[in-house]
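Following: one structure in structure tokens, then a few remarks.
There are 2 protein chains.
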Amino acid sequence: MKELLAEASNVGYHPGMEATTAVQGCTPTAGRRERKKQRTREALVDSAFQLFSEKGFEATTVEEIADAVDVSSRTFFRYFASKEDVLLTFQEEQFAAVQEAFTARPADEPVITAIRHAAVDVIRACEDGAFGFDPERFGCIRQLMESSPAVFGSSLEHGQKKHAEMTRLVAGRMGVDPDTDLRPHVVASAVNSVFHTAFELLSSGTVSAERFSDVLSELLRLAEDGINYPAAVPADR
Amino acid sequence: MKELLAEASNVGYHPGMEATTAVQGCTPTAGRRERKKQRTREALVDSAFQLFSEKGFEATTVEEIADAVDVSSRTFFRYFASKEDVLLTFQEEQFAAVQEAFTARPADEPVITAIRHAAVDVIRACEDGAFGFDPERFGCIRQLMESSPAVFGSSLEHGQKKHAEMTRLVAGRMGVDPDTDLRPHVVASAVNSVFHTAFELLSSGTVSAERFSDVLSELLRLAEDGINYPAAVPADR
DNA sequence: CCCAAACTGTCATGCTGTGACACTTGTCGT
DNA sequence: ACGACAAGTGTCACAGCATGACAGTTTGGG
Chain A
1 MKELLAEASN
11 VGYHPGMEAT
21 TAVQGCTPTA
31 GRRERKKQRT
41 REALVDSAFQ
51 LFSEKGFEAT
61 TVEEIADAVD
71 VSSRTFFRYF
81 ASKEDVLLTF
91 QEEQFAAVQE
101 AFTARPADEP
111 VITAIRHAAV
121 DVIRACEDGA
131 FGFDPERFGC
141 IRQLMESSPA
151 VFGSSLEHGQ
161 KKHAEMTRLV
171 AGRMGVDPDT
181 DLRPHVVASA
191 VNSVFHTAFE
201 LLSSGTVSAE
211 RFSDVLSELL
221 RLAEDGINYP
231 AAVPADR
Chain W
238 MKELLAEASN
248 VGYHPGMEAT
258 TAVQGCTPTA
268 GRRERKKQRT
278 REALVDSAFQ
288 LFSEKGFEAT
298 TVEEIADAVD
308 VSSRTFFRYF
318 ASKEDVLLTF
328 QEEQFAAVQE
338 AFTARPADEP
348 VITAIRHAAV
358 DVIRACEDGA
368 FGFDPERFGC
378 IRQLMESSPA
388 VFGSSLEHGQ
398 KKHAEMTRLV
408 AGRMGVDPDT
418 DLRPHVVASA
428 VNSVFHTAFE
438 LLSSGTVSAE
448 RFSDVLSELL
458 RLAEDGINYP
468 AAVPADR
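Taken in sequence, the protein lines are chains A and W.
Heads up: the first sequence is residues 1 to 237, going by our numbering.
Heads up: the second sequence is residues 238 to 474, going by our numbering.
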């Protein structure tokens, strides 16, 4: 089940790189080749994070990243479709974790409430370094998104790509068909954007909170209560 | 008033190009230089739309766009920060129009309702070619966003940039301070993402509707009623 | 043990975006 | 009007991202 989620993530995929890991169900850690490939991939991610946090995103070139792992820059692009793509690996993992947590929420919770609990749990794990999450890397990404519009942009795009997936999950919980019922789409859409808004509130210093999870929690809580607020009554002032 | 809105739009701005038009309030159509600049700018936009719709976005190079107007590609980048940026001119106008319509809505309408009416009115005007909107260009953009992820991505980013502005407007209508009350942020955020979701629903063929405005209207209507839907009751099935 | 497929490196190339500098043209003061 | 000054533009140069093509190397399987 965990493997399924992992294999479903297509970040870093690009034409010419098949998901060879998943073709056969019988090969557990199949072949030295696979392992080597995986090691190269991880090395590239490490190297990228290292350099990004040292010199910033745009100041780091693909060649530097590749050189640090001793592969050609051409090879880099066989693993990642773009420089931004490297960072999505992490978001991908987070998203998968949130998904899993979401489906595991008790059935009597309404959708947004369930999402809130799932998301907050996962993000807090990231922040605290629980499970396999590296809090340092989490912080690094946040910093990169602040300083580089390109990174933030790719995060937006990634969120949009995951929209369909989230919609299906929400529809599943609601017990409706996402092809005829638009409500799950609105939910997924709102949740997605709330993530980015939480981030912006945090980095702009609008909120006093320290933790991303706290801001996110607050925003989702508001969304639960409905958001079609009335205009100000002319009575005051 | 109209000029004010036009001058406020910063699309296409990039270091080295000052908003010379707006420095003095007394010069109406100030100088031949300004007019020439404006003509060049519009010519570039026209040329870009022309070529994009003919050959597609990525297949068109900046050089081609510039050549068609008989300027150097270097000059192109003095007007637009990137190739995507050209397209945002249009979105900018739309956004300004929606903003204006929003603030003009009767005070007894709740925020999302008001936004729905404002947005639907404006978009319908685009679709029908009312006011100064060119429906052909509107369709062209839609097509480009479908075929080119880069264009869609830049649209996402642009929406996020406008987030703050929308938040303030919503907060104004609600009569609250956006620095302490997070509700306007949630509203602006949800509305923004609903725009993109409407687009995706349309281009993926999930909905049968023809017009963008219809899908958008439907989604916003749903958002008005609250979106924290209960999970399916175990009774059914 | 060898072959085919997968992986990688090298080379070549196109396009985006930017910096530097010189040249032209419009603007404004006198 | 005329000259100084600024704004706009062209040209040249260049770094970096991304991709295609081809050849060499590894590796897994028959």
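Note that beta-carbon positions come from the ideal geometry of N, C-alpha and C, so glycine has one too.
What you are looking at is a predicted structure, and each value in this text was computed from that prediction instead of being measured.
Shown here for W/T404: same chain residues with a beta carbon closer than 7 angstroms to its own, the five before and five after excluded, namely P415, P421, H422, A425 in chain order. In the three-state DSSP reduction, A/N228 falls in the coil class, being neither helix nor strand. One Cα belongs to A/A48, the other to A/G226, and the distance between them is close to 41 angstroms.
Exclusion of the five residues before and after W/A305 leaves S284 as the residues of its chain whose Cβ lies within less than 6 angstroms of its Cβ.
Where W/D322 is concerned, the enclosing alpha helix (DSSP H) starts and stops at 322 to 340. Residues of chain W with a Cβ closer than 9 angstroms to the Cβ of A/G153 are, in chain order, G390, S391, L393, E394, Q397. If the five residues before and after A/F133 are omitted, its C-beta is found closer than 6 angstroms to the C-beta atoms of A125, C126, all from its own chain and listed in chain order. Counting C-beta atoms within 10 angstroms of its own C-beta, W/V470 has fewer than 16 neighbours from the protein chains shown and is therefore classed as exposed. Contacts with chain A at 9 angstroms (Cβ-Cβ) include W/M411. Counting every other CB atom within 10 Å of its CB across the protein chains shown gives W/E321 a total of 16 or more, marking it as buried. The alpha-carbon separation between W/H354 and W/F339 amounts to approximately 8 angstroms. Going by DSSP, A/K161 is part of the alpha helix (DSSP H) stretching over 149 to 161.
With a cut-off of 8 angstroms on Cβ pairs, the region 386 to 399 of chain W is in contact with the region 153 to 164 of chain A, counting three or more such pairs. For W/L281, the enclosing alpha helix (DSSP H) begins and ends at 269 to 292.
For W/G376, the secondary structure class from DSSP, reduced to helix, strand or coil, is helix.
Rounded to whole angstroms, the separation of the alpha carbons of A/L88 and A/A81 is 11 angstroms. Interface with chain W (9 angstroms Cβ-Cβ cutoff): A/T60 is excluded. In the DSSP annotation of this structure, A/P106 is not part of any alpha helix (DSSP H), being labelled neither H nor E.
For the region 100 to 119 of chain A, residues whose beta-carbon sits nearer than 8 angstroms to a beta-carbon of chain W comprise A107, D108, E109, P110, V111, I112, T113, A114. A/F195 is positioned such that its CB atom lies closer than 9 angstroms to that of A/A119. About 15 angstroms separates the beta carbons of A/F57 and A/S203, which is beyond the 8 angstroms limit, so they are not a contact pair. Check the Cα spacing between A/E200 and each of A/Q38, A/R137, A/F152, A/V170: the tightest is with A/F152.
Not a single CB atom of chain W sits nearer than 9 angstroms to the CB of A/T40.
Interface annotation, W/T443: in contact with chain A, CB-CB separation under 9 angstroms. Proximity to W/P347 across W/M411, W/E300, W/F375, W/A468 peaks at W/M411, based on C-alpha coordinates. Here W/L419 carries a coil assignment [DSSP, helix/strand/coil]. By a beta-carbon distance limit of 8 angstroms, W/V308 contacts W/T277. Their separation comes to about 7 angstroms. Going by DSSP, W/D414 is part of no alpha helix (DSSP H) at all; its letter is neither H nor E. Between W/I302 and chain A, the shortest Cβ-Cβ separation is not below 9 angstroms.
CA-to-CA, the gap between W/H400 and A/R33 works out to about 47 angstroms.
In chain order, S309, S310, T312, F313 place their CB closer than 7 angstroms to the CB of W/A303, counting only its own chain and leaving out the 5 sequence neighbours on each side. A/Q38 counts as exposed, since fewer than 16 other beta carbons sit within 10 angstroms of its beta carbon. For A/Y79, not one C-beta of chain W is nearer than 9 angstroms to its own C-beta.
If the five residues before and after W/A280 are omitted, its C-beta is found closer than 6 angstroms to the C-beta atoms of V306, all from its own chain and listed in chain order.
Residues V359 of the same chain have their beta carbon placed closer than 7 angstroms to that of W/A334, with the five preceding and five following residues left out of the count. Going by beta carbons, W/A460 and W/V428 fall inside the 9 angstroms limit.
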